[in-house]
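Using UniProt numbering, you'd call the opening residue of the sequence shown number 1 and step up by one each time.
Following: one structure in structure tokens, then a few remarks.
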Amino acid sequence: MPAKVSNLGWRVCSLEPGAVDLLCLPEMTFTGYIFPTAESITPFVEYPDKSPSRQACAEIAQRLKCYVAVGYPAPSLTPQESKEQAGTDASDPAGETKKSEGVARNNAIVVDPSGQIIHEYTKTNMFETDLPWAQPGNGFTTFTTSLKTLGTVSLAICMDLNPHPPNVWSSAEGPYELADYCIERNVQTLILLCAWLDSGASPEDTQFDAQTISYWIARLRPLWHLGSDKYTVIICNRTGTERGSKFAGSSTVLRSQTDKHLPKILTVMGREEEAVRVVDISE
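Structure (structure tokens):
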């Protein structure tokens, strides 16, 4: 983990304070994501008083004078703690359909320019990799920042974009749980921190994973079909391989368009590109 923290520090060292407003990092940025058992992830669970992810991002946020979003494994919560974290704004605030099992949470936080945590979210929809160890969250939530460009923000993690069991997705009829939530709660900016696997399509093409990007766009269809230019979607996905699993990279920023049913792609990173990409979403 120290090497990954150092690597991030090196990549952002060229940025001047005030050069960016928001820095997004992938799902479980510093620890990795593939943990086959509860025992294998236990040594990597980050407690609030000694969390390398929290500390590193607080330092970066303070130096760059920006917000930072990061994913990391956090300790599990009691049912009452889980409800309190979700608050009344959660899509499932009572948590009645969620179990309290799991040794840790697939978690994400947003740190403000002073280094303080202003929002915390726990992954709600479990991928098969999460099942051996992760306690699910209580649903989607929203928050705001001092950045008018972002408006109301929702933070989600990877599999949250997929249909929630037992639902089966039809591209025409849905369900589109995350997109519908964003519309209902008047969200302007959706941030997705991901460890999304490579589709395997056209593996010789290292530019980007077109099949994965097309799927992301399809799963957010309601945002594009409103004919409004108010929605911005930031998808930060990891690259590389871990325990034999290859990730899609291809981090993307999308913007809905007036009177068009497809988003404008503001930027796409490479399939294997590990870098910092600065994108202006204010235009």
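Backbone N, C-alpha and C define an ideal beta-carbon position, used for all residues, glycine too.
From the options, residue whose alpha carbon lies closest to that of residue i
| i | options | result |
| --- | --- | --- |
| Thr142 | Asn162, Ala179 and Thr31 | Ala179 |
| Ala61 | Leu25, Glu46, Ser82 and Phe30 | Leu25 |
| Ile234 | Asp205, Met269, Val111 and Pro79 | Met269 |
| Lys148 | Thr189, Ala74, Asn7 and Glu81 | Thr189 |
| Val70 | Glu84, Leu161, Thr122 and Tyr176 | Thr122 |
| Arg54 | Thr37, Thr42 and Phe30 | Phe30 |
| Ile191 | Gly151, Trp169, Tyr47 and Ala56 | Gly151 |
| Ile41 | Leu131, Arg63, Gly227 and Glu283 | Leu131 |
| Ser282 | Asp49, Glu177 and Tyr231 | Tyr231 |
| Val45 | Ala74, Glu27, Arg63 and Pro36 | Ala74 |
| Ser171 | Pro222, Ser199 and Leu226 | Pro222 |
| Asn237 | Glu120, Arg185, Ala156 and His119 | Ala156 |
| Leu226 | Met28, Ser245, Leu193 and Asn186 | Asn186 |
| His119 | Ala108, Phe127, Pro113 and Thr129 | Ala108 |
| Leu64 | Tyr47, Asp49, Gln85 and Leu15 | Leu15 |
| residue 362 | Asp160, Ala201, Gly174 and Glu173 | Because residue 362 is not part of the residues shown, which for the chain are 1 to 283, the question remains open. |
| Pro48 | Pro113, Glu84, Pro17 and Ile117 | Ile117 |
Beta bridge counterpart(s) of residue i as assigned by DSSP
| i | result |
| --- | --- |
| Ile157 | Leu193 |
| Cys57 | The partner list for Cys57 (beta bridge, DSSP) is empty, contrary to what the question assumes. |
| Asn106 | Pro73 |
| Glu242 | Ser245 |
| Lys123 | Answer by DSSP bridge pairing: none, since Lys123 is not bridged. |
| Val253 | Ile234 and Thr267 |
| Ala134 | Ala104 |
| Ile117 | Val111 |
| Val68 | Leu23 and Val111 |
| Thr141 | Answer is none; Thr141 lacks a bridge partner. |
Residues of its chain near residue i, where Cβ-Cβ distance is below 6 Å and the 5 sequence neighbours each way are ignored
| i | result |
| --- | --- |
| Val279 | Val253, Leu266 and Thr267 |
| Gln257 | Asp229 and Lys264 |
| residue 347 | The structure shown has nothing for residue 347, since the chain only spans 1 to 283. |
| Tyr181 | Ser91 and Phe140 |
| His164 | Asn125 and Glu177 |
| Asp21 | Cys66 and Leu147 |
| Trp169 | Pro163 |
| Leu23 | Cys66 and Val68 |
| Ala58 | Val111 and Gly115 |
| Lys4 | Phe30 |
| Leu8 | none |
Status (buried if at least 16 other CB within 10 Å, exposed otherwise) for residue i
| i | result |
| --- | --- |
| Leu220 | buried |
| Thr124 | buried |
| Ala94 | Confidence at Ala94 is low in this model, with a pLDDT of 44, below 50, so the placement of that residue is unreliable and no value is reported for it. |
| Cys66 | buried |
| Thr97 | Residue placement at Thr97 is flagged as unreliable, the pLDDT there being 46, under the threshold of 50; the coordinate-derived value follows with that caveat. Classification for Thr97: exposed. |
| Asp205 | exposed |
| Thr37 | exposed |
| Cys13 | exposed |
| residue 312 | Any answer about residue 312 is impossible in this case: the structure gives the chain only from 1 up to 283. |
| Ala19 | exposed |
| Asn138 | buried |
| Arg271 | buried |
| Trp133 | buried |
| Tyr72 | buried |
Close-in-space but distant-in-sequence residues of the same chain around residue i (CB under 7 Å, 5 per side omitted)
| i | result |
| --- | --- |
| residue 289 | With the chain running from 1 to 283 in the structure shown, residue 289 is simply not present. |
| Glu273 | Thr239 and Gly249 |
Contacts around residue i, its chain only, beta-carbon distance under 8 Å, and the 5 residues preceding and following it disregarded
| i | result |
| --- | --- |
| Ile217 | Trp224, Leu254, Leu262 and Pro263 |
| Ser199 | Asp209, Gln211, Thr212, Tyr215 and Ala248 |
| Leu197 | Ser245, Lys246, Phe247 and Ala248 |
| Pro2 | Pro52 |
Segments assigned alpha helix (DSSP H), at least 4 residues, entirely inside the stretch 160–235:
177–184, 210–219 and 221–225
Completely contained alpha helix (DSSP H) runs for the stretch 10–61, where each covers 4 or more residues
38–41
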